[in-house]
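*Asks:*
In the numbering used here, the protein residues as written are 1 to 488.
1) Which residue's Cα is closest to the Cα of residue 366: 407, 48, 445?
2) I need the DSSP call for residue 168, collapsed to helix, strand or coil.
3) Taking C-beta to C-beta, are residue 348 and residue 380 nearer than 8 Å?
4) Could you tell me whether the segment 467–478 touches the segment 259–279, where touching means 3 or more Cβ pairs closer than 8 Å?
5) Whole angstroms is fine: what's the gap from residue 299's alpha carbon to residue 44's?
6) Measure the CB-CB distance between residue 309 and residue 284 and report whether it falls below 8 Å.
7) If you scan the segment 325–356 from start to end, which runs of the alpha helix (DSSP H) of 4 or more residues do you find wholly inside it?
8) Just checking my contact of residue 240 with residue 450 at CB under 8 Å: how many whole Å lie between their CB atoms?
9) Give me the DSSP bridge partner(s) of residue 481.
10) Considering only residues of the same chain and omitting the five flanking positions on each side of residue 199, which have a CB-CB separation below 8 Å?
11) Could you check where the beta strand (DSSP E) with residue 407 kicks off and where it finishes?
12) Alpha carbon to alpha carbon, how far is residue 168 from residue 117? Give it in angstroms, no decimals.
13) Less than 7 Å between C-beta atoms, sequence neighbours within five positions excluded: which residues of the same chain meet that for residue 155?
14) Out of 157, 378, 263, 421, point me to the one whose CA is closest to residue 463's CA.
15) Roughly how many angstroms separate the alpha carbons of residue 295 and residue 353, rounded to a whole number?
16) Between residue 229 and residue 455, how many whole angstroms is the CB-CB distance? I'm expecting something under 8 Å.
17) Thinking C-alpha only, which one of 307, 301, 281 is nearest residue 290?
18) Applying the 10 Å Cβ sphere with the 16-neighbour rule, what's the burial state of residue 215?
19) Given a cut-off of 8 Å on the beta-carbon distance, is the pair residue 270 and residue 436 in contact?
20) Looking only at C-alpha atoms, which of 483, 386, 401 sits nearest to residue 394?
21) Look at the alpha carbon of residue 97 and the alpha carbon of residue 123, and state the distance between them as a whole number of angstroms.
22) Kindly indicate the opening and closing residues of the beta strand (DSSP E) around residue 436.
23) Does the distance from the CB of residue 362 to the CB of residue 320 come in under 8 Å?
24) If you reduce the DSSP assignment to three classes, tell me which class residue 360 lands in.
25) Give the straight-line distance between the Cα atoms of residue 21 and residue 139, rounded to the nearest whole angstrom.
26) Go to residue 155, then tell me how far its beta strand (DSSP E) extends in each direction, as first and last residue.
27) What are the boundary residues of the beta strand (DSSP E) that residue 314 is part of?
28) Rounded to whole angstroms, what's the CA-CA distance from residue 38 to residue 134? Just pull it up for me.
29) Across which residues does DSSP place residue 456 in a beta bridge pair?
30) For a quick check, are the C-beta atoms of residue 447 and residue 249 less than 8 Å apart?
31) Determine the closest residue to residue 318 out of 287, 344, 351, with distance taken between C-alpha atoms.
32) Determine which residues share a DSSP beta bridge with residue 223 and list them.
33) Just mark residue 483 as buried or exposed, buried being the case when its beta carbon has 16 or more other beta carbons within 10 Å.
34) Span of the beta strand (DSSP E) holding residue 381?
35) Who are the Cβ neighbours of residue 420 in its own chain at under 6 Å, not counting the five residues just before and after it?
36) Start and end of the beta strand (DSSP E) containing residue 204?
Shown next as C-alpha cells:
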C-alpha cells in the first residue's frame, strides 16, 4: 500500500484556485454588508437612535447621581471637609493654569472619559470596531456555540437567544424561560429538537464538522480510553500545579514521552501543555540572533510567532516549492549575513506535515533532500498529520517515505488524533535535554495534566495495536476512506 500511495504522489502540488463566481459573490456580499453598515451608522448619528448609539443623557444622569452621592458623603464625613478646605486653599494662579490646560485638550466625542482621544489612545481601530458592530454581530449566533455533549460525530448544541439585536447572547436554558406557548411549540416541533441534562436545557442535534476528532476517540471513548483515564485519578491529581522543571513531572509524563519517542522512532521526546506554545516557545529556544530560519510561506501562526520571537533572520520560500527553497539556501550560504557577510551560525527549515488551511501535505521528500544537500536542519510540524497520515499513523515521514532520522526536529500536538491536549517535540537526546532547560513552555508553564497524559497513552496504544484489538487499524482505514470520499 505504501508503494502504491507513493506512486500517485506528484512532485509538485497543483493549487486549486478559487472559482471566479465564488470569489466575486463573496466580495459582493461583503460590499453590500459594508455599505449597509455605514448607512446604519449615518442614520444612527442623524436620528440619535440605534443599538450602538451612546446615549449622552443616560450618562449625564449617571454622573449627576454620582455627584449627589459624593456631596452627601462629604456632608457626613468631617475628614473629607478638611481635605476640601486644603484643596480650596490652592493659589488662584494654579487653578487658572489647570483650567487653561483642560480647555486646550480636545473635547471628547462621546459621553465616556475614554472617548477623549486627546487623553486616551483608541482601544480598537475604526475598521475593527465597525467590523464587530456591523458584520460580526449580525451572524455571531453562528459561532462560539456551547455544546452539551462530547464532541463526537453527532453533538448537541445549546440554543441561545439575544435580547439586544445579537450584541450579546445567552443560553436559553429550559423551555420555561420562553414567554409564550407559541414559542415553546416552535422549538418542540423542530426536527432536531432535544433536551440536554442538566435541567432539560433546549438543544439542537447537529452533525459535527468542527472538531479535531480525527480518529473518533470522542465517539468510542467509553470503550477505548475510559478505564485507563479514570484509573489515573486514583493516584494522581488532575493538575500537578507546577512546571516540569520543579514538581510537575509524574510517572505518566515519563511514560507518555517514552511512547512518543518510540512511536516516532526518535531518541527522546518532551511534552508541553499547549500545542500553540510548543512552536511558540521551542523555536526561540533553538534559534537566536546570527541564525537563519527558512519558513514555508503558509506555515501556521504559532511558527510565525516563534520565529519572530527567536531573533533569528527569517526568509520564506514559496509554498511546497523545493526549487525555490534551494535557491534561498544557496544564496544564504554564499552571501552570508547582511552587511557583515559572515556565515550563519546555523540554518533551519520549518515546514508542516499537513497545511490545515489548504488541505495539502508537505513535499517532504524533496525538501529534506535539499536541506541535506546544503546542511540545513529540518523542523517538521505534524500537528495535523501525526496519527492521521501513513499506514500506521506515524505521520508525514511514513506517508512520504522519508526516514525520521533525516528530520532533526519532529513536533506535533495531541489535540487532533489523540483526543487530548498539548504538544510534543522529539529529536536526539542532547537536543531534548537542552530544550527541557531552555524552552520556556517546559521550564515555566504548568505541566500537562496527568489525566491528559493517560488519555494520550491510551490512544497511542490503540493506534499501535497494543490494546489487543484492531480498533486502531480500523480507525486509520476509516479516516483515509472518508477523506478520499470527500475529495471525490
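For glycine and all other residues, C-beta sits at the position ideal for the given N, C-alpha and C.
*Replies:* Straight from the coordinates:
1) Closest option to residue 366, judged by alpha-carbon separation, among 407, 48, 445: 407.
2) Coil.
3) Taking the C-beta atoms as reference points, residue 380 is found no nearer than 8 Å to residue 348.
4) No, the segment 467–478 is not in contact with the segment 259–279.
5) Taken atom to atom, the span from the alpha-carbon of residue 299 to that of residue 44 is near 43 Å.
6) Yes, Cβ-Cβ distance for residue 309 and residue 284 is below 8 Å.
7) The segment 325–356 contains no whole alpha helix (DSSP H) run of 4 or more residues.
8) Residue 240 to residue 450, Cβ: 7 Å. Contact.
9) Partner residues in a beta bridge of residue 481, as assigned by DSSP, do not exist.
10) Within the same chain, 173, 174 come within 8 Å of residue 199 by CB-CB distance, once the 5 residues on both sides are set aside.
11) Under the DSSP assignment, residue 407 falls outside any beta strand (DSSP E); it carries neither an H nor an E label.
12) Taking the straight line from one Cα to the other gives about 27 Å.
13) Within the same chain, residue 155 has close Cβ partners 147, 149, 206, 208.
14) Check the Cα spacing between residue 463 and each of 157, 378, 263, 421: the tightest is with 263.
15) Distance between residue 295 and residue 353, taken at the CA atoms: about 13 Å.
16) Contact annotation, residue 229 with residue 455: C-beta distance approximately 5 Å; criterion of less than 8 Å satisfied.
17) Looking at the Cα atoms, 307 is the closest of the given residues.
18) By the neighbour-count criterion, in which 16 or more other beta carbons inside 10 Å mark a residue as buried, residue 215 falls on the buried side.
19) Yes; because the gap between Cβ atoms is below 8 Å, this pair is in contact.
20) Nearest option by C-alpha distance: 386.
21) Distance between the alpha carbons of residue 97 and residue 123 is about 30 Å.
22) Note, residue 436: premise wrong, no beta strand (DSSP E); alpha helix (DSSP H) at 429–438.
23) Yes, Cβ-Cβ distance for residue 362 and residue 320 is below 8 Å.
24) In the structure shown, residue 360 sits in a strand (DSSP, three-state: E or B).
25) Approximately 23 Å between the Cα atoms of the pair.
26) Bounds of the beta strand (DSSP E) holding residue 155 are 154–158.
27) Per DSSP, residue 314 belongs to the beta strand (DSSP E) from 313–317.
28) Per the coordinates, the alpha-carbon of residue 38 lies some 8 Å from the alpha-carbon of residue 134.
29) Answer is none; residue 456 lacks a bridge partner.
30) Taking 8 Å as the Cβ cut-off, residue 447 and residue 249 qualify as a contacting pair.
31) Distances from the CA of residue 318 to each of 287, 344, 351 were compared; the closest alpha carbon is that of 351.
32) Paired residue(s): none; residue 223 is not in a bridge.
33) Exposed, since its Cβ has fewer than 16 Cβ neighbours within 10 Å.
34) Taken as a continuous stretch (DSSP letters only), the beta strand (DSSP E) holding residue 381 covers 377–381.
35) When the five nearest sequence neighbours on each side are left out, the beta carbons in the same chain lying within less than 6 Å of the beta carbon of residue 420 are those of 414, 452, 455, 456, in order along the chain.
36) That run of the beta strand (DSSP E) goes 201–207.
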